[in-house]
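In this note's numbering, the protein residues as written are 791 to 897. Every residue, glycine too, gets a C-beta built ideally from N, C-alpha and C. As structure tokens, the structure follows; a few thoughts come after it.
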């Protein structure tokens, strides 16, 4: 189904943008992030998937981590905030183009 594929592409395949959005609000540990993804965005990626994305984001300098009370907490970096903002702007520009195309079809 095309709609199911779209939902998958816009959620799990770009998990990084959702993680950065949540980390912009506050630092979190991996399991907490997964729970917040479901609560705020309505999807629950596999736990290992969340950790793989966190690892890659940290390796690229978009998040940092540190251990507090035996849990590894993640925080967004300045570069991560910039990436999040760029990602949101890109999505907004695509939506605007889709909306414009829809208006042109109606007229």
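{"Query": "So residue 856 is in the alpha helix (DSSP H); what residue range does that whole segment cover?", "Result": "No alpha helix (DSSP H) contains residue 856, which is instead part of the beta strand (DSSP E) from 853–858."}
{"Query": "Return yes when the Cβ of residue 870 is within less than 9 Å of the Cβ of residue 837, no when it is not.", "Result": "no"}
{"Query": "Of the choices 834, 882, 868, whose alpha-carbon is the least far from that of residue 798?", "Result": "834"}
{"Query": "So what does DSSP say about residue 839, is it helix, strand or coil?", "Result": "helix"}
{"Query": "Determine the DSSP secondary structure at residue 862, reduced to helix, strand or coil.", "Result": "strand"}
{"Query": "Could you check how far apart the C-beta atoms of residue 820 and residue 841 are, in whole angstroms? I think they sit under 8 Å.", "Result": "5 Å"}
{"Query": "How should residue 862 be labelled, buried or exposed, when 16 other C-beta atoms within 10 angstroms of its C-beta is the threshold for buried?", "Result": "exposed"}
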